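Chemist: Pasting in a structure now, in structure tokens, and then I'll have a few things to ask.
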Amino acid sequence: MSIGDPVDSSSVQARDDYDVFISYSRKDGEFVHQLWEAFKQHNKKPWLDQDNIPLTAKWREEIREGIEKADNFVFIISPDSVTSNACREEIELAVQLHKRLIPILYRYTSSRTVHEALREIQFIPFADDFASAFNTLIAALDTDIAHVKAHTSLLVSALNWQRHECDRSFLLNGGQVLAEAEQWLAQNKDKNPQPTNLHQEYINTSRQAEEEQKAIELRLRRMTPQQYRNRQALLNKVHQYWVKGVLENSLQNRAPIALGLDERLDTVAQPWNMTLETTEQPEKPIPAGTRIISLFDQLGAGRTLLILGEPGGGKTTALLELVRDLVLRAEQGIDDRIPVVFNLCSWIDQKQKITDWLVEELNTKYQVPLQIGQIWVKEQQLLLLLDGLDEVRAEIRDACVAALNVFQQEESSEMVVTSRIKDYESLSNKLSFQSAICLRLLTLEQVHLYLDSTGFELTNLRTLIREDRALQELTRSPLMLNIMTVAYQGVKIATLPQADTTQLFNSYIDRMFQHRQPKLHYSKSVAIRWLVWLAQQMSQQSKTVFFIEQLQPSWLQTTVDKMTYRLGVILLGGVVCWLIGGVIGGLFQWRIEIVIGWLLLGLTVGLFISLGRNTIYTVETLKWSWQAAFKSFIKGLFYGLVYGIGFEFIAQVILLLTTSEMQWSLIVILTTTLVMGMIFGVAGGLRGWEIETKTIPNQGIWRSIANAGIVGLAGGLIGGILFEPAFWSLEARNAIVAGGAGVAFGLLFGLILGGGQACIRHFSLRFVLYRKNLIPWNYAQFLDYATDLIFLQKVGGGYIFIHRLLLEHFAQMK
Numbered sequence: 000m001s002i003g004d005p006v007d008s009s010s011v012q013a014r015d016d017y018d019v020f021i022s023y024s025r026k027d028g029e030f031v032h033q034l035w036e037a038f039k040q041h042n043k044k045p046w047l048d049q050d051n052i053p054l055t056a057k058w059r060e061e062i063r064e065g066i067e068k069a070d071n072f073v074f075i076i077s078p079d080s081v082t083s084n085a086c087r088e089e090i091e092l093a094v095q096l097h098k099r100l101i102p103i104l105y106r107y108t109s110s111r112t113v114h115e116a117l118r119e120i121q122f123i124p125f126a127d128d129f130a131s132a133f134n135t136l137i138a139a140l141d142t143d144i145a146h147v148k149a150h151t152s153l154l155v156s157a158l159n160w161q162r163h164e165c166d167r168s169f170l171l172n173g174g175q176v177l178a179e180a181e182q183w184l185a186q187n188k189d190k191n192p193q194p195t196n197l198h199q200e201y202i203n204t205s206r207q208a209e210e211e212q213k214a215i216e217l218r219l220r221r222m223t224p225q226q227y228r229n230r231q232a233l234l235n236k237v238h239q240y241w242v243k244g245v246l247e248n249s250l251q252n253r254a255p256i257a258l259g260l261d262e263r264l265d266t267v268a269q270p271w272n273m274t275l276e277t278t279e280q281p282e283k284p285i286p287a288g289t290r291i292i293s294l295f296d297q298l299g300a301g302r303t304l305l306i307l308g309e310p311g312g313g314k315t316t317a318l319l320e321l322v323r324d325l326v327l328r329a330e331q332g333i334d335d336r337i338p339v340v341f342n343l344c345s346w347i348d349q350k351q352k353i354t355d356w357l358v359e360e361l362n363t364k365y366q367v368p369l370q371i372g373q374i375w376v377k378e379q380q381l382l383l384l385l386d387g388l389d390e391v392r393a394e395i396r397d398a399c400v401a402a403l404n405v406f407q408q409e410e411s412s413e414m415v416v417t418s419r420i421k422d423y424e425s426l427s428n429k430l431s432f433q434s435a436i437c438l439r440l441l442t443l444e445q446v447h448l449y450l451d452s453t454g455f456e457l458t459n460l461r462t463l464i465r466e467d468r469a470l471q472e473l474t475r476s477p478l479m480l481n482i483m484t485v486a487y488q489g490v491k492i493a494t495l496p497q498a499d500t501t502q503l504f505n506s507y508i509d510r511m512f513q514h515r516q517p518k519l520h521y522s523k524s525v526a527i528r529w530l531v532w533l534a535q536q537m538s539q540q541s542k543t544v545f546f547i548e549q550l551q552p553s554w555l556q557t558t559v560d561k562m563t564y565r566l567g568v569i570l571l572g573g574v575v576c577w578l579i580g581g582v583i584g585g586l587f588q589w590r591i592e593i594v595i596g597w598l599l600l601g602l603t604v605g606l607f608i609s610l611g612r613n614t615i616y617t618v619e620t621l622k623w624s625w626q627a628a629f630k631s632f633i634k635g636l637f638y639g640l641v642y643g644i645g646f647e648f649i650a651q652v653i654l655l656l657t658t659s660e661m662q663w664s665l666i667v668i669l670t671t672t673l674v675m676g677m678i679f680g681v682a683g684g685l686r687g688w689e690i691e692t693k694t695i696p697n698q699g700i701w702r703s704i705a706n707a708g709i710v711g712l713a714g715g716l717i718g719g720i721l722f723e724p725a726f727w728s729l730e731a732r733n734a735i736v737a738g739g740a741g742v743a744f745g746l747l748f749g750l751i752l753g754g755g756q757a758c759i760r761h762f763s764l765r766f767v768l769y770r771k772n773l774i775p776w777n778y779a780q781f782l783d784y785a786t787d788l789i790f791l792q793k794v795g796g797g798y799i800f801i802h803r804l805l806l807e808h809f810a811q812m813k
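Take the sequence shown: its letters are residues 0 to 813, numbered as in numbering that gives the first Met the number 0.
Printed below as a string of structure tokens:
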């Protein structure tokens, strides 16, 4: 049905709108009832309070809705109605909504007593001839009926959109409906009733949203299949990690609590000194029930929002609820930007640009290849959700704000940042954002309503909260309230500890060990020891999400531990080398120079891995790149030349000692150089351009093992093919031995360069930590156990503490 089409009389009573709203005084009730019956006989649907307000309804809201949905506003003029405050309120609302006003003169009164909006309108007299006057009234109602109905229909839709905080889903959805609305607005500006400003805003916003949606759909269609898969892979990770993994399983989100919001424009550095208007009243309450995504939408293009709150006050939950809504839009194609969550605590170098940090985080946390991440950030394809500004190290927090402001000025990316309010207000810099909101703490009434809704046995806790002011203050934090409901179920008043966060967390930990029954079981003291160590390391390293594969040698505390780790790397690297050399290189002939050569090579490989970069980098994705392969090939030629000369020198020294002869061979050096160059080229060229979609604990190491095998096989093939003909040209009987050695040589360096060195260093580090009783050998199994106890939550292949406050509590335990 098009906008404004008349409705068939058979469906009059089923309609949700009304032909006329009747405003009157109760003393004119008999006449109004006669009028109401006449309307029904003429297939008109009137709104009358006696007929349309349910007994239990809020009558002011019902009257407002009746006026909004009525095409016409009929006012019964009488001495009683013109002096009625209720009638005056109804007239003023009708005027505000630009309703067509039709005054009916039932009982005479001076025109000076009539509302000013009705004085210039011709009254329809009903005192003498009801039938004739009613026909005149019907004719007035039917005048420009299509225009009037369109006015009502669009107004109701616009008001619904406005009441849902301008949610885009309530806009006109394009096509014929939007075109007809625009045509109605253009052709009826001078008609009675005139369109309201809200009509114009609603229709114009619908057109703007329609054009934005077309542009989004065009950008999505222009994506290559690989680009689309990469986009979907990252969207899926964000949804799995943060929405399903954290938000839906969050302790703090077990029973949703509607938190109050205040606008805090005084906390952001706005242009043009706009904050002057807010200095006297920095906190502006936001209507109850307002969703953050609606506030975010109202900011328009280039949206930036700061979310503030107290510790445990629901900042991360609020952010993740926004993430959930944004991911849903992106999945539905409503927005082509990808919402991505980042933890600001990992920004630890104040000289690092936010652009570079984002690319690095995409790579390490979401397994996005660096090249793809650079494109996404540069082309503003991401919607950035940055959690925990207060978790940045205090000494560089101001620098972080400055870096975010520079990034925003250069890139104009849309972003949301969260922070504890006191930590943020202590900074000398402010974020140059459009808006800021602060989450209110819970009221005592909200606390009791929440406790009543849990279904747990919390009678004693309720009683104590009513009597203990300190405990009341603690329960104002949603996190603390949730933890109390878990820790204090069925506990007697006499055994309840004092209102202290340390005692509360201790009670929570004890409760989880006593009443949760995971499939696996660890000693409580040992499990706490491991969790304390993990929390301390995450705190020291400024990490929020922990990945097993990101264990680093820098986490070792003592010199002895670091030396033990390096010796372990040397030994493990040597063992790998000796196994490969022994099984493949020595299958055909054991000669003293071969044995000594492989022993020396094993030590060399072990030292090479041990003395390399201190940070362990995994190799998780493989795809060919000629440019990267060429650069690595040149590097490999240099290393191959150095190693070839060194190896040949050792071989000649051994030959001199055993036979008193030296037979230098240039072809051996050149072959070794070429083999190393090609192995480096293959390892360097096979790098990721596709985002991994599966996420399991320690996935980085397992993928590195698999990729080391792939590159190792390629290296073995290269070594075997090149070594055998080279040695055949020197001495045919050595060709088979040389071929085997070539395969072993190539396989070894392929494994090492293809991800093997990361695995060797990782397992050596794990062994040292295991021997120190800082971690169990099966770390993933223990972390899953801690997740079952609701100390941790899984985020893809990583783990986070259920809240930063719990992390800080464990970190301070001894």
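Where is the CB? At the ideal position from N, CA and C, for every residue including glycine. Remember, it's a predicted structure, so these values are computed and weren't measured experimentally.
Going by DSSP, what residue range makes up the alpha helix (DSSP H) through E181?
Modeler: 174-186 is the extent of the alpha helix (DSSP H) around E181.
Chemist: Less than 8 Å between the CB atoms is what I'm expecting for N235 and I371, so what's the real figure, rounded?
Modeler: Actually they are not in contact, since the Cβ atoms of N235 and I371 sit about 15 Å apart, beyond 8 Å.
Chemist: In whole angstroms, give me the CA-to-CA distance for D16 and E282.
Modeler: The straight-line gap from Cα to Cα measures roughly 39 Å.
Chemist: Rank T484, V358, T453 by C-alpha distance to the C-alpha of L460 and give the top, closest one.
Modeler: For the residues T484, V358, T453, the minimum Cα distance to L460 belongs to T484.
Chemist: If you draw a straight line from the alpha carbon of H114 to that of Q121, how long is it in whole angstroms?
Modeler: If you take the alpha carbons of H114 and Q121, they lie about 13 Å apart.
Chemist: Between the C-alpha atoms of L325 and V147, what's the straight-line distance to the nearest angstrom?
Modeler: L325 and V147: Cα-Cα distance of roughly 37 Å.
Chemist: Among Y798, A257, M812, whose alpha-carbon lies nearest the alpha-carbon of E548?
Modeler: When only C-alpha atoms are compared, the closest one is Y798.
Chemist: In whole angstroms, what is the alpha-carbon distance linking T474 and L441?
Modeler: Using only the alpha carbons, I get a separation of about 8 Å.
Chemist: Taking the C-alpha atoms as reference points, what is the distance between D18 and I137?
Modeler: Approximately 10 Å, taken between the alpha carbons.
Chemist: Using a 10 Å radius around the Cβ and a threshold of 16 neighbouring Cβ atoms, would you call L100 buried or exposed?
Modeler: So L100 ends up on the buried side.
Chemist: Might you give, ordered along the chain, the residues of its own chain that have their beta carbon closer than 8 Å to the beta carbon of V794, omitting 5 neighbours on each side?
Modeler: The answer, listed in chain order, is Y240, W241, G244, V245, V544.
Chemist: Using the DSSP secondary-structure output, state which residues sit across from Q792 in a beta bridge.
Modeler: In the DSSP output, where bridge partners are listed per residue, Q792 has I799.
Chemist: Cβ of M511 less than 8 Å from any chain D Cβ?
Modeler: Considering every chain present, this structure includes no chain D. It has just one protein chain.
Chemist: For the segment 87-168, which segments carrying the alpha helix (DSSP H) assignment without a break, of at least 4 residues, lie completely within its bounds, in sequence order?
Modeler: The segment 87-168 contains these whole alpha helix (DSSP H) runs: 115-118, 129-141, 144-162.
Chemist: Put M483 into one of helix, strand or coil per three-state DSSP.
Modeler: DSSP places M483 in helix when its eight states are reduced to three.
Chemist: Once you ignore the five residues that flank N187 on each side, which residues in its own chain have a CB closer than 6 Å to its CB?
Modeler: Cβ within range, chain order: H146.
Chemist: Can you tell me the Cβ-Cβ gap for E164 and R59, rounded? I've got them flagged as a contact below 8 Å.
Modeler: Their Cβ separation, rounded to whole angstroms, is 22 Å, which puts E164 and R59 out of contact at 8 Å.
Chemist: Nearest by alpha-carbon distance to L448: which of Q433, I464, W46, I395 is it?
Modeler: Nearest of Q433, I464, W46, I395 to L448, Cα basis: I464.
Chemist: Could you work out which residue in I76, H97, D560, K813 is closest to D70 when comparing CA atoms only?
Modeler: Ranking I76, H97, D560, K813 by Cα distance to D70 puts H97 first.
Chemist: Would you kindly work out how many angstroms separate the C-alpha atoms of Y365 and C437, rounded to a whole number?
Modeler: Cα to Cα, the separation comes out at about 30 Å.
Chemist: Give me the Cα-Cα distance between I811 and R528, rounded to the nearest whole angstrom.
Modeler: The question names Ile, but residue 811 in the sequence shown is Gln. Computed Cα separation, rounded: 12 Å.
Chemist: Here's the rule: buried if 16 or more other CB atoms are within 10 angstroms of the residue's CB, otherwise exposed. What is N362?
Modeler: It is buried - the Cβ of N362 has at least 16 other Cβ atoms within 10 Å.
Chemist: Among C344, T303, I75, whose alpha-carbon lies nearest the alpha-carbon of L382?
Modeler: Taking only the C-alpha atoms, the option nearest L382 is T303.
Chemist: Determine the direct distance from the alpha carbon of W183 to that of A116, and round the result to whole angstroms.
Modeler: So the two alpha carbons sit approximately 25 Å from each other.
Chemist: Look at the Cβ atom of S345, then the Cβ atom of S538, and state whether they are nearer than 8 Å.
Modeler: In this structure, S538 does not lie closer than 8 Å to S345 by Cβ.
Chemist: To the nearest angstrom, how far is it from the Cα of L369 to the Cα of A435?
Modeler: Near 32 Å, if we compare the C-alpha coordinates of A435 and L369.
Chemist: By the DSSP assignment, the beta strand (DSSP E) with F72 in it spans what residues?
Modeler: First-last of the beta strand (DSSP E) with F72: 69-76.
Chemist: Between A126 and L104, how many whole angstroms is the CB-CB distance? I'm expecting something under 8 Å.
Modeler: With 8 Å as the limit, A126 and L104 qualify as a contact, their Cβ atoms being about 7 Å apart.
Chemist: Between E179, G299, L319, which lies nearest to I306 when the distance is taken from Cα to Cα?
Modeler: Taking only the C-alpha atoms, the option nearest I306 is L319.
Chemist: Enumerate in chain order the residues of its own chain whose CB-to-CB distance from Q882 is below 6 Å, with the five nearest sequence positions on each side excluded.
Modeler: Nothing about residue 882 can be reported from this structure: the residues present for the chain run from 0 to 813 only.
Chemist: Using only the alpha-carbon positions, how far apart do K813 and V531 sit?
Modeler: Between K813 and V531, the C-alpha separation is close to 7 Å.
Chemist: For R465, report the span of its alpha helix (DSSP H) as first-last.
Modeler: Here the alpha helix (DSSP H) through R465 covers 458-466.
Chemist: Flag this pair as yes or no: are the beta carbons of L170 and K43 separated by less than 8 Å?
Modeler: No, they are not a contact pair.
Chemist: Any contact of the segment 561-573 with the segment 756-772, i.e. 3+ C-beta pairs under 8 Å?
Modeler: In short, these stretches touch, since the Cβ pair count reaches three.
Chemist: Determine the contact status of V267 and F406, defining contact as a CB-CB distance below 8 Å.
Modeler: Their beta carbons are not under 8 Å apart, which means V267 does not touch F406 by this criterion.
Chemist: Given this structure, state the Cα-to-Cα distance separating P870 from A526, to the nearest angstrom.
Modeler: The structure shown has nothing for residue 870, since the chain only spans 0 to 813.
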